[in-house]
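Novice: First the structure, then my questions, so here it is.
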Amino acid sequence: MQKEILIAGFGGQGVLFAGQVLAYAAMDTGKIVTWIPSYGPEMRGGTANCTVVIADEEIGSPLVKNPPLAIALNLPSFDKYEELLAPGGTLIVNQSMVDRGAKRGDIHTIFVPCNEIAEEIGDKRLMNMVAVGALLTALTEVTVKDVEKALEGHLPARHKHLLPKNYEALKRGFEHAQKVPA
Amino acid sequence: MQKEILIAGFGGQGVLFAGQVLAYAAMDTGKIVTWIPSYGPEMRGGTANCTVVIADEEIGSPLVKNPPLAIALNLPSFDKYEELLAPGGTLIVNQSMVDRGAKRGDIHTIFVPCNEIAEEIGDKRLMNMVAVGALLTALTEVTVKDVEKALEGHLPARHKHLLPKNYEALKRGFEHAQKVPA
Amino acid sequence: MATPENLVYDRPEAFTDTPTHYCPGCTHGVAHRLIAEVLEEMDLIPKTIGVAPVGCSVFAYNYFDTDFVEAPHGRAPAMATGIKRVMPDRIVFTYQGDGDLASIGMGEIVHAAARGENITVVFINNANYGMTGGQMAPTTLPGMKTTSSPNGRDVETQGYPIRMAEMLSTLDGVGYCVRRSLHDPKNIRLAKKAIRMAFETQVRGLGFSMVELLSTCPTNWGMKPVEALKFVEEKMVPFFPLGDYKVAAGVAQVKV
Amino acid sequence: MATPENLVYDRPEAFTDTPTHYCPGCTHGVAHRLIAEVLEEMDLIPKTIGVAPVGCSVFAYNYFDTDFVEAPHGRAPAMATGIKRVMPDRIVFTYQGDGDLASIGMGEIVHAAARGENITVVFINNANYGMTGGQMAPTTLPGMKTTSSPNGRDVETQGYPIRMAEMLSTLDGVGYCVRRSLHDPKNIRLAKKAIRMAFETQVRGLGFSMVELLSTCPTNWGMKPVEALKFVEEKMVPFFPLGDYKVAAGVAQVKV
Amino acid sequence: MPKEMWKGNEAIAEAAVRAGLEAYFGYPITPQTEILEYLSKRMPELGRAFVQAESELGAINMVYGAACTGVRVMSSSSSPGVSLMMEGLSYIAGTEVPAVLVNVMRGGPGLGNIAPAQSDYNQAVHGGGHGDYPRIVLAPSSVQEAIDLMVLSFDLAEKYRMICMVILDGSVGQIMEPAEMPEMRPIVRKDFDWATNGAVGRERRILSSIYIDPPAEEVANFRLARRWQEVQANEVRYKGYFLDDAEFAVVGFGTAGRVALSAVRAARAEGIKVGLLRPVTVSPFPYQVIDQLTGRVSAFLVTEMNMGQMFDDVRLAVKGRVPVEFYGRVGGIVPFPDEILAEIHRVAAGRWSVDADPRDSWQTRMASVISR
Amino acid sequence: MPKEMWKGNEAIAEAAVRAGLEAYFGYPITPQTEILEYLSKRMPELGRAFVQAESELGAINMVYGAACTGVRVMSSSSSPGVSLMMEGLSYIAGTEVPAVLVNVMRGGPGLGNIAPAQSDYNQAVHGGGHGDYPRIVLAPSSVQEAIDLMVLSFDLAEKYRMICMVILDGSVGQIMEPAEMPEMRPIVRKDFDWATNGAVGRERRILSSIYIDPPAEEVANFRLARRWQEVQANEVRYKGYFLDDAEFAVVGFGTAGRVALSAVRAARAEGIKVGLLRPVTVSPFPYQVIDQLTGRVSAFLVTEMNMGQMFDDVRLAVKGRVPVEFYGRVGGIVPFPDEILAEIHRVAAGRWSVDADPRDSWQTRMASVISR
Amino acid sequence: MPAKGWIEVSDTYCKGCELCISACPQEVMELDMSRLTPKGYHPAHTFKDGCTGCAICALVCPDAAITVYREITKAAPVAA
Amino acid sequence: MPAKGWIEVSDTYCKGCELCISACPQEVMELDMSRLTPKGYHPAHTFKDGCTGCAICALVCPDAAITVYREITKAAPVAA
Ligand SMILES: Cc1ncc(C[n+]2csc(CCOP(=O)(O)OP(=O)(O)O)c2C)c(N)n1
Ligand SMILES: Cc1ncc(C[n+]2csc(CCOP(=O)(O)OP(=O)(O)O)c2C)c(N)n1
Ligand code: SF4
Ligand code: SF4
Ligand code: SF4
Ligand code: SF4
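Right under this line is the structure:
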């Protein structure tokens, strides 16, 4: 088994942390995993992205050209990765930041109003966790529980009080995605 | 035709210039020639030596292990190059600076009291030219006239007044060497 | 009704249209603008060749409408020397950060100054390495936290800040060497005058000229741009006193 | 009848038996002897690690009876830093010429000083590059002929001499920084006292210490050793004033 | 120890600490600055030496000084910074003191960019500083391997009194993977009989790279060469995948090697009998291994993140017996498995390069790719 | 012009002046200081730029700056000094500006000594600075050749916007030979369309080695590689002696090559059918020439004043088809013709090396020699 | 009465750093939270009358984003 | 009356540079032209009485070639 997940968005959207949480969750369940960020000029301002690979044997390339799973938190990422996604793959799109629908019919595009949901929960920074929750509907190797444990284990101490809200965000994202007719 | 001449002595004895004069003389008579000094640590104080190669085709190595012709202006040089001289070769030794006779029978060792002769002429610095003159008895490719022309052409201006004495030194050296039973 | 007559201030000619890549509120931009204004006022744009450093200002060449080269980290003064020696009638300036000029480039700047190279150096002192993410610079203040002095600069083990303007002023080759700051309008005006003097020094062939500018790095200091200006005023100026450290006789007479 | 009692002066313990390779009358030898005497008097011989430069003193390690390393040209202060940081209880000193310290090694010496590295630097200023045959050094006097300033140093194109002691004294990390000369008995005595003070500074952990010594190069200056001393007195001392450029508070109290 | 998630650069720094690093001297440069930043906190905590040097030139000479005292010392940098260390490295090699240097390679030449590259292979393995001197060069492809090789690097440097370089491309420095850290080794100051750490109760010592007398220098050169023969005999390391029944083999180090692994797996899935050889020590280079492989496989495909540098070492081992093809991406681009798979298909189909130098054919093939 | 007696180093300096050298930046180092000293007098005489830089690092970056204006500029140094120029060289190569650098090689590694050596071959030809960049490297073996190649170096550097290095060992720098100087070329400032010499009456220009975007850097890397293919196609130079009927061939560059000539002549005198190939451009290396020779000769003997560096390039061309043997002297020792003649006898007698790497057998053979 | 002036803030250059706002002696500037520049910043603008065209905002602007005008005929001296 | 002293000049170290000679306040030193050291230098020596053992020659000697003695019992202070 090997699954590749690409997560992309603006600098401030918690893209890298979302990927790390997935990686930790997979690691804690005994999977082999890699997390690799795009680094370099893009970092200052601009968009950020990271790739997480989850497998049960030594991982070769930490990067893939056509990931089967992806999260696009803003429009530029949506434009870019909708094109690159592998046929049959699943793309979670942050509806709050895009103004258009899906172009491709050969992939599952799931629109989730991450910002709104996060704000409902009471902290717009949780937007990335909502997206992760949604992704889990397509990433069967990692459960919501796994991610909750990972958050518990790796959320910086000063944010620990936000744990319940993070769980909430995951749950809401997951549920919302389930409701979407695949 | 190719002839190699090695000239060695103390730093101040005009070793390098003696070699250059030979090189110039050979060059002016249309020969191909190389002049190469030993350089490096020995330079400060210590002994100096240079090798002159005279040939009528492109010269390969500017250095030879066993030169057929050599001038030893002091004892250390005599000790070293008497050993290295090619069998049948000729070694001009500055008798004024050595306190022993020849060891090898398979080479022509010609002792010349260069210092004394030079002082007789009135300038001990001419000692190297005396030795060169002596060498010419064994280096048939270059005549005393050739070397005189070379001196005329290349002696630094401020020494030009010494030309006659230089000629004298060459002549005396040549004659002295001729007298020595080969 | 906007007409030339009532235009009070407009973006300098010497600038290209490219927006800078600097972080919002970073005074690198102010320094750039002052240089551009001076080159324009002195009519030097076509004659000028700039030398960009390695640092946040590595892309300086994108913003000035003059020829530009980009030097290895710290070597701008050497490149400038090479250019000026073969093109003495050109105006050559380097633009360098404090890591570039005061750390890795110490040898090159001191010797360019000692040789009295007829070049102008604009030295941006922002007390850290901006481009690489805020490490300690030779100019980092004692006790100041950076990503490579996580507990605050300990002068015992990490050394003391270097005051470049003071140090270079001891060299006979230096024609003009001053320190200014960019933290408020008054000081910005003084900074511009100094930059003008520096280029005048070069135009007149009066030797090496340098203007050290106290500048901000809001991003790596973790401050709002406006707070960063305060930091310069309250923390940096006291440690790096503003003033004229060397104004050679010939230069002193220059009236601008 | 030679007995210990009436022995007034003898070759220092800290010296090996090897005769130096220096030219006759070169005051490198005097500087060596003073260091050896000080190390002996302070009882530091076994604790000391010397760092030789590239220059005529490249073989310094042959003469001192202490551990020694030989640094790349100009990098002795960096090597000394590496040694001192891992062996703080050792006494580490560099011995450097003016090409080594003031030209290629400018970056390393300035930063070792700025960091306040607890090392001692003996800096031999002989106004030229001795080992390579007498080229111009950063300390070559204006108008002075060398093999790379054949018409005499033209400060316009070849730059101005650098006064290292003055320049380094502007740095906060410096505990002790003075200039002395080796041209006569009186000055040799003062030079020795200064070297003693420099090592005392290190022993007490009071920061970077340097003694700049005006020295001769009879061979490349083309002078008799005695004339060379005159040249130092009459030409070099006026340009490189002798004196204490920095004696930090802590150091000032040291009594020797 | 349990596996923890480590970022490559930080794992390298911590592994060095565990291996007994007593002093670090470095200068910031992307993409390896995390090593310096991590150690700026960690070393003082442990009462060990950390100095942010004025430059890479300063750093390597501080390393040189500390190395002379016999302690475990290292520096780290990236391509342009490493180029500034060439004189120092040559001195260290000539003085025969142990030192470790990490090069997290970026796109070049010149300032280039900060993206992952492998284009300093020749500098690290063949050229570099002046003079003849051998050096050990290790090329990790994962965080775990980086940790293990960091520890090894100190042991090898010390054992052979030699420079040990660890070269990785920026992506190995940035990647996060679960990995196991070794136990913290206690600092033991071995009293080497060559170290200049103060002549207390012993004869004084001198460390230098001068042999002013050529015959003495020649002896020194041969001593180094002799030691290198030992290294070649004992320290060659590599990893083979699917080589037993392979009909041809891909050769790649570091990230290029691990990307190739994905491609090789995909090819195997298609039934193509291809294997992978990933040199772990690129110096000493596994010449023998490739020499022996050449007997069994009918072709090699070398893949690197440079214009084809290790490629020549492979050809030296193959000696023209079978075709050696090349595929690379350069300038900071990491190839995707698909690209290498396509090359595997080409080789499987026997579509050999037409030029005397396969790199020329590769350049022609790339024309379409790079122009876009 | 009539032949005059010239010392290698001074001939190099004067030849550069005649070729239109407008600026020299250098730092003293034996055994090339005469170049700097000569130009310190000559350049100001002609109103041209001469600067004794603060260091080789300063010098190469002054060269870089002047090169950006399109003038003919050079520096010269010797091994340790050249190692300090590696970052600068990589920048110059990445910026695609022409520059000439002379390396009068000495014994190494480290400070080593000042005697003649060829041990910077790999640094000059393969490794050196970081990143992938080609460079032209010329290796004169006589004063006349040094003069001719100095002039050529400026033309090639300019034509291909590339670094052109001239590498020679200390003895070529010190030797005096009759040689002919070219006419003094007038200085003509070519108005290159890339030079940053002030945007007077034209669009401004930028020269830099940054390609922050990897695909752009990849394009740049391929542009350099493409240009290199041209150089390889047009600029390979070498000299052959007695090759027509040679049964085996000696290969050596610079002084090793000319010493070999004496040995080859001696062998011919004994009736041994041996030839000599002396590469004049060691980069581009005459691979094709050797490839074709391999068809005709039954063995090669490579001789160098290093531990066997060009040796690998010869083996790359020979591809294992015939034995390639090695003989070298190192550390500042120049071999005598007798030594190479002895090796010719060995090869003529077919006493091949026993080890996989002939350099190992050579080391064994040398054991006796070097110990004394 | 003080001279009357006005400014134009370029959306291409303004990064919303607020330096001009804190420098404006008349305190007539603020970020326009109702608008985003193409780069995603809220640009500065004058939110009420009182601008004297003193050009201090332009003097402190790191991005040369401000053009300043003054409602008088004779051209005023340039900012610095 | 001045203290009486004497010196020993080592042939191993002396290079005949004459610095001691010009420094000697009593002017009792000169090069011994009748002798050559193994390195080929004429070594320094005292050619007449008058040495007070002041050790100034030793102080200026670059080669630590001079040992100085004084004909009094209590050890005199070291030169510098
Ligand atoms: C030889 C070399 N070393 C290190 C670097 C990495 N580097 C790039 S910029 C920089 C420092 C920039 O700081 P500064 O000069 O203060 O300029 P700022 O970014 O603060 O404006 C460093 C260390 C490099 N590019 N080259
Ligand atoms: C990197 C490098 N550049 C140049 C040299 C050549 N070199 C050896 S010593 C020296 C200068 C020595 O002069 P100085 O430091 O003044 O010492 P001195 O010989 O005068 O005592 C130079 C340039 C070198 N060995 N290494
Ligand atoms: S990092 Fe700092 S110095 Fe660099 S642009 Fe941003 S604020 Fe300015
Ligand atoms: S060359 Fe000069 S500095 Fe060097 S030993 Fe001789 S006199 Fe002293
Ligand atoms: S100072 Fe300039 S960039 Fe900053 S907010 Fe004002 S107009 Fe915008
Ligand atoms: S000073 Fe010393 S070396 Fe010189 S002559 Fe006197 S004793 Fe000899």
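Residue numbers (the working numbering), protein chains in the order written: chain A, 1 to 182; chain B, 1 to 182; chain C, 1 to 256; chain D, 1 to 256; chain E, 1 to 372; chain F, 1 to 372; chain G, 1 to 80; chain H, 1 to 80.
For glycine and all other residues, C-beta sits at the position ideal for the given N, C-alpha and C.
Since we're looking at a predicted model, the values are computed, not measured.
1) In terms of residues, what are the limits of the alpha helix (DSSP H) holding K193/C?
2) Does DSSP classify G107/C as helix, strand or coil?
3) Which of helix, strand or coil does DSSP assign to T30/E?
4) Are P182/F and K3/F touching if we call contact CB-CB under 9 Å?
5) Would Q20/B count as contacting chain F if we go by Cβ distances under 9 Å?
6) State the DSSP-derived secondary structure class of K319/E, mapped to helix, strand or coil.
7) Quick check: what's the CA-CA separation for G275/F versus Y38/E?
8) Just to confirm my understanding: we take I29/F, look at its own chain, exclude 5 residues before and 5 after, and list those with CB closer than 6 Å. What are they?
9) Does any heavy atom of ligand 8 sit closer than 8 Å to the C-beta of A137/C?
10) Taking Cβ positions only, does P68/A come closer than 9 Å to chain E?
11) Please list, in chain order, the chain F residues whose beta carbon lies closer than 8 Å to that of Q253/D.
12) Measuring CB atoms only, is the segment 181-190 of chain C touching the segment 138-155 of chain C, in the sense that at least three cross pairs come out at less than 8 Å?
13) Quick one: is the Cβ of M223/D within less than 8 Å of any heavy atom of ligand 6?
14) Go through its chain and collect everything with a Cβ distance to F311/E's Cβ below 6 Å, but skip five positions before and after it.
15) Consult DSSP for S78/F and reduce its assignment to one of helix, strand or coil.
16) Can you give me the C-alpha to C-alpha distance between F199/C and L213/C, rounded to a whole angstrom?
17) For G159/D versus G173/C, is the C-beta distance shorter than 9 Å?
18) What does the alpha-carbon distance come out to for the pair A64/H and G170/F?
19) Buried or exposed, going by whether 16 or more other CB atoms sit within 10 Å of the CB of L36/H?
20) Can you list the residues near ligand 3, meaning Cβ strictly closer than 7 Å to any non-hydrogen atom, in the order they appear in the chain?
21) Using the Cα positions of E180/E and V112/A, report the straight-line distance between them to the nearest angstrom.
22) Below 8 Å on the Cβ atoms is my guess for L139/A versus K3/A; work out the distance and round it to an integer in Å.
23) By how many angstroms is the C-alpha of Q288/E removed from the C-alpha of P62/H?
24) Locate the alpha helix (DSSP H) running through R265/E, then write down its first and last residues.
25) Under 8 Å between beta-carbons, which chain F residues line up against K47/C? List them in chain order, please.
26) Which of helix, strand or coil does DSSP assign to P88/C?
27) I'd like the list of long-range same chain contacts for P337/E, defined as Cβ closer than 7 Å, with 5 residues on each side in sequence excluded.
28) For a quick check, are the C-beta atoms of G94/E and Q123/F less than 9 Å apart?
Specialist: The answer reads as follows:
1) Following the DSSP letters along the chain, one finds K193/C inside the alpha helix (DSSP H) bounded by residues 185-203.
2) Here G107/C sits in helix by DSSP.
3) Reduced to three states, the DSSP call for T30/E is coil.
4) Contact: no.
5) Yes, Q20/B counts as interfacial toward chain F.
6) The three-state reading of DSSP puts K319/E in coil, since its state is none of H, G, I, E or B.
7) In this structure, the straight-line span from the alpha carbon of G275/F to that of Y38/E is close to 60 Å.
8) The answer, listed in chain order, is S77, S78, G81.
9) Because ligand 8 does not appear in the structure shown, any question about it cannot be addressed here, the ligands present being ligand 1, ligand 2, ligand 3, ligand 4, ligand 5 and ligand 6.
10) Closer than 9 Å to the CB of P68/A there is not a single CB belonging to chain E.
11) Under the 8 Å cutoff, chain F gives no residues; its nearest Cβ is about 37 Å from Q253/D.
12) The segment 181-190 of chain C is not in contact with the segment 138-155 of chain C.
13) No, since every heavy atom of ligand 6 falls outside the 8 Å radius drawn around the Cβ of M223/D.
14) Answer for F311/E: V302, F326, listed in chain order.
15) Coil.
16) The alpha-carbon separation between F199/C and L213/C amounts to approximately 15 Å.
17) Between G159/D and G173/C, the C-beta spacing is below 9 Å.
18) Spanning the two alpha carbons is a distance of roughly 36 Å.
19) Around the beta carbon of L36/H, fewer than 16 other beta carbons sit within 10 angstroms, so the residue counts as exposed.
20) A distance filter of 7 Å between CB atoms and the heavy atoms of ligand 3 selects the following residues in sequence order: Y22/C, C23/C, C26/C, H28/C, C56/C, N126/C, G130/C, M131/C, T216/C, C217/C, P218/C, T219/C, N220/C.
21) E180/E and V112/A have their C-alpha atoms some 38 Å from each other.
22) L139/A to K3/A, Cβ: 6 Å. Contact.
23) Their Cα atoms are separated by approximately 59 Å.
24) First-last of the alpha helix (DSSP H) with R265/E: 254-269.
25) Those within 8 Å of K47/C in chain F are G198, V200.
26) DSSP places P88/C in coil when its eight states are reduced to three.
27) The answer, listed in chain order, is V259, S262, A263, A266.
28) No, Cβ-Cβ distance for G94/E and Q123/F is not below 9 Å.
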